[in-house]
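Below is one structure, written out as structure tokens; the observations come after it.
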Amino acid sequence: MIGLQQQIKESADYIRQFGQQAPVTGIILGSGLGNLAKEIDNPKEIPYGDIPHFPVSTVEGHHGKLILGTIKGKPVVAMAGRFHYYEGFSMQMVTFPVRVMKELGISTLLVSNAAGGMNAAFNVGDLMIITDHINLQPEHPLRGKNENTLGPRFPDMSEPYAKTLVAKAKSIAAQNNIPVHTGVYVGVQGPTFETRAEYKFMHIIGGDAVGMSTVPEVIVAAHAGLRVFAMSVITDLGIREEENTITHQEVLEAANAAEPKLTLIFRELIAQL
Ligand code: HPA
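The following block contains the structure:
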């Protein structure tokens, strides 16, 4: 078994053959939110299956490729499709691409996801800029021997989502008449959606939205010293009076419908980085 650092290096070396310039921004696109990838100029697409040591995602709505290119002239690397813990991957696998993107040269990571709303002010299709998170996932991506060259043993988590980027995104949204909420994202394992009691609990402990991704990648980004910006599309409401069930199809449809707003904010943010 070769070590994590060697694997990161081999993945990055493979990917570098396809890019003309080192990416400065990494992007992880959530379920039903892959369209930003279409705005990448001069795209070079690399299927995950071709990249040494990369996991391959299994979820419907995830394309599973890395895309190198530029957005508004800025070199980016985007993940169309991400890896979830509930698929059976270890947390090291879920977060491996963040390590590789860091090795490729990124200093900022942008993340999108589909999430269930718990804040009573939220509606399906709303956007929420993530300002903080609560980690309820059952395994930690930094558990185990720490690689000091990758980051510190005990990383600070006082500002995992860069305030400067939150402020920039809010002003981009305002200039474009796009309403946005800010709030706390709760990361859970899935793959079940939550029970009514669980949504209520997560709201009581301080959550505004809940989802099955993002937190592991953001922890590893914090460990690696990356600046992070993340945004949720609210695809369903966990707290509501009437009888309701939640389906994956409904989540994907709501994500697709809200996507243009999210894509605009990401694009303009990248232009300002
Ligand atoms: N719960 C967990 N994950 C989700 C949800 C939800 O309600 N919606 C989209 N992803």
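The sequence shown begins at -1 in the working numbering and counts up one residue at a time.
Backbone N, C-alpha and C fix where the C-beta goes; we use that ideal spot for every residue, glycine too.
Opening and closing residue of the beta strand (DSSP E) in which residue i lies
i      : result
Asp11  : Looking at the DSSP string, Asp11 is not in any beta strand (DSSP E); the run it does join, the alpha helix (DSSP H), is Leu2 to Arg14.
Ala207 : Ala207 to Gly209
Beta bridge counterpart(s) of residue i as assigned by DSSP
i      : result
His51  : None; His51 has no bridge partner.
His131 : Tyr183
Ile65  : Glu43 and Ala76
Met126 : His179 and Ser230
Thr106 : Thr23 and Arg225
Asn111 : Ser230
Leu235 : Gly115
Anticipated Cβ contact below 8 angstroms, residue i with residue j, distance rounded
i      : j      : result
Lys63  : Glu43  : 5 angstroms
Ala160 : Phe264 : Incorrect: roughly 14 angstroms between the Cβ atoms, too far for contact.
Glu101 : Ile6   : 5 angstroms
Gly209 : Gly181 : Rounded, the Cβ-Cβ distance is 12 angstroms, inconsistent with contact.
Ala219 : Val22  : Between Val22 and Ala219 the Cβ distance is about 14 angstroms, and since that is not below 8 angstroms, they are no contact.
Ser9   : Val98  : 5 angstroms
Leu140 : His221 : 6 angstroms
Gly115 : Leu235 : 5 angstroms
Ile237 : Tyr183 : The Cβ separation is near 15 angstroms, so there is no contact.
N- and C-terminal bounds of the alpha helix (DSSP H) containing residue i
i      : result
Ser169 : Lys161 to Gln173
Met200 : Arg194 to Ile202
Ile217 : Val213 to His221
Glu257 : His246 to Gln270
Among the options, nearest to residue i - alpha-carbon criterion
i      : options                           : result
Tyr84  : Gly17, Pro214 and Gly103          : Pro214
His138 : Glu251, Thr93 and Ser105          : Thr93
Gly32  : Leu108, Pro73, Gly17 and Asn242   : Leu108
Phe81  : Ile26, Asp124 and Ile49           : Ile26
Gln135 : Leu34, Gln187 and Met91           : Gln187
Leu267 : Tyr197, His179 and Ala165         : Ala165
Ile176 : Glu145, Pro150, Leu125 and Pro153 : Leu125
Ser29  : Ala269, Gly103, Gln247 and Leu262 : Gln247
Ile232 : Ser88, Ile104, Arg14 and Ala113   : Ala113
Gly123 : Arg225, Ala207 and Ile38          : Ala207
Ala20  : Asp48, Asn111, Gly149 and Gly67   : Gly67
Thr261 : Thr245, Met229 and Val249         : Met229
Pro45  : Ala78, Arg194 and Ser156          : Ala78
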